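Please read the structure below before turning to the comments.
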Amino acid sequence: GAFYIYPNVTEACRNLDLRDSKEFQQYLLHKANVAVLARSCFGRRNEGEKEEYIRLSYATSRENIIEGVKRIKKAVESKS
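Per our numbering, the very first residue in the sequence shown carries number 6; after that it's consecutive.
What follows is the structure in C-alpha coordinates.
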(Lines of atoms letter the chains of each structure in order from A and count residues from 1; the text may use other names and numbers.)
(Lines give C-alpha, C1' and ligand atoms only; values in the text may rest on other atoms or scores of the structure.)
Protein backbone atom coordinates (compact mmCIF):
# COMPACT_ATOMS: atom_id res chain seq x y z
CA GLY A 1 0.00 0.00 0.00
CA ALA A 2 0.90 3.63 -0.15
CA PHE A 3 0.41 6.62 2.08
CA TYR A 4 -0.52 10.04 0.73
CA ILE A 5 -0.85 13.63 1.79
CA TYR A 6 -2.75 16.26 -0.18
CA PRO A 7 -1.18 19.65 0.51
CA ASN A 8 -2.90 22.82 -0.59
CA VAL A 9 -0.59 24.55 -3.09
CA THR A 10 -2.85 27.45 -4.04
CA GLU A 11 -0.52 30.10 -2.63
CA ALA A 12 2.56 28.50 -4.17
CA CYS A 13 0.86 28.45 -7.58
CA ARG A 14 -0.07 32.11 -7.20
CA ASN A 15 3.44 33.11 -6.11
CA LEU A 16 5.01 31.24 -9.03
CA ASP A 17 2.47 32.57 -11.56
CA LEU A 18 1.22 29.05 -12.29
CA ARG A 19 -2.38 28.51 -13.35
CA ASP A 20 -3.10 25.34 -11.43
CA SER A 21 -1.72 22.25 -9.74
CA LYS A 22 -1.04 20.63 -13.12
CA GLU A 23 1.42 23.42 -13.94
CA PHE A 24 2.82 23.12 -10.41
CA GLN A 25 3.30 19.38 -10.98
CA GLN A 26 5.31 20.08 -14.13
CA TYR A 27 7.25 22.87 -12.42
CA LEU A 28 8.35 20.58 -9.58
CA LEU A 29 9.29 17.79 -11.96
CA HIS A 30 11.55 20.04 -14.05
CA LYS A 31 12.81 22.43 -11.37
CA ALA A 32 13.21 20.08 -8.39
CA ASN A 33 13.23 16.58 -9.92
CA VAL A 34 10.32 15.70 -7.64
CA ALA A 35 7.29 13.84 -8.99
CA VAL A 36 3.87 14.67 -7.56
CA LEU A 37 0.35 14.31 -8.92
CA ALA A 38 -1.86 17.28 -9.68
CA ARG A 39 -5.40 17.62 -8.32
CA SER A 40 -6.83 16.61 -11.71
CA CYS A 41 -5.21 13.17 -11.39
CA PHE A 42 -7.37 12.10 -8.45
CA GLY A 43 -10.92 12.97 -9.41
CA ARG A 44 -13.06 15.90 -10.30
CA ARG A 45 -13.22 18.96 -8.19
CA ASN A 46 -15.97 19.25 -5.63
CA GLU A 47 -18.62 21.85 -6.33
CA GLY A 48 -17.26 25.26 -5.38
CA GLU A 49 -13.71 23.98 -4.89
CA LYS A 50 -11.23 26.64 -5.96
CA GLU A 51 -8.07 25.59 -4.14
CA GLU A 52 -5.18 23.77 -5.79
CA TYR A 53 -3.86 20.51 -4.35
CA ILE A 54 -1.19 17.95 -5.18
CA ARG A 55 -0.78 14.40 -4.00
CA LEU A 56 2.48 13.21 -2.43
CA SER A 57 3.31 9.68 -1.39
CA TYR A 58 5.33 9.24 1.76
CA ALA A 59 5.82 5.47 1.44
CA THR A 60 9.60 5.79 1.33
CA SER A 61 12.51 6.32 3.67
CA ARG A 62 12.70 9.28 6.01
CA GLU A 63 15.83 10.42 4.16
CA ASN A 64 13.98 10.48 0.82
CA ILE A 65 11.11 12.45 2.34
CA ILE A 66 13.49 15.01 3.84
CA GLU A 67 15.35 15.36 0.54
CA GLY A 68 12.10 15.74 -1.43
CA VAL A 69 10.77 18.40 0.93
CA LYS A 70 14.06 20.31 0.71
CA ARG A 71 13.88 20.25 -3.09
CA ILE A 72 10.25 21.40 -3.13
CA LYS A 73 11.02 24.21 -0.68
CA LYS A 74 13.98 25.39 -2.76
CA ALA A 75 11.94 25.29 -5.99
CA VAL A 76 9.03 27.20 -4.45
CA GLU A 77 11.30 29.83 -2.94
CA SER A 78 13.28 30.44 -6.16
CA LYS A 79 10.99 32.17 -8.61
CA SER A 80 13.38 31.89 -11.56
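Backbone N, C-alpha and C fix where the C-beta goes; we use that ideal spot for every residue, glycine too. Small disclaimer: the values here were computed from a predicted structure and weren't measured.
When D25, K79 and V74 are compared against E54, the one with the closest alpha-carbon: One-based indexing of the sequence shown puts residue 54 at position 49. Of D25, K79 and V74, the residue nearest in Cα terms is D25.
Limits of the unbroken beta strand (DSSP E) element including R60: As a first step, residue 60 is located in the sequence shown; it is residue number 55 there, counting from the start. From DSSP, the beta strand (DSSP E) with R60 extends over I59 to S62.
Contact under 7 Å by Cβ, V41 with Q31: On the sequence shown, position 36 is the one that residue 41 refers to. On the sequence shown, position 26 is the one that residue 31 refers to. Note that the C-beta distance between V41 and Q31 is not below 7 Å.
Beta-carbon contacts of N38 that lie in its chain and below 7 Å, excluding the five residues immediately before and after: Along the sequence shown, one-based indexing puts residue 38 at 33. Excluding positions up to five away in sequence, the list reads R76.
Three-state class that DSSP yields for A132 in the structure shown: Missing from the structure shown is residue 132; the chain here goes from 6 to 85 and no further.
Buried or exposed (CB count within 10 angstroms, at least 16 for buried), Y58: Here residue 58 refers to the residue found at position 53 when the sequence shown is read from its first residue. Buried, since its Cβ has 16 or more Cβ neighbours within 10 Å.
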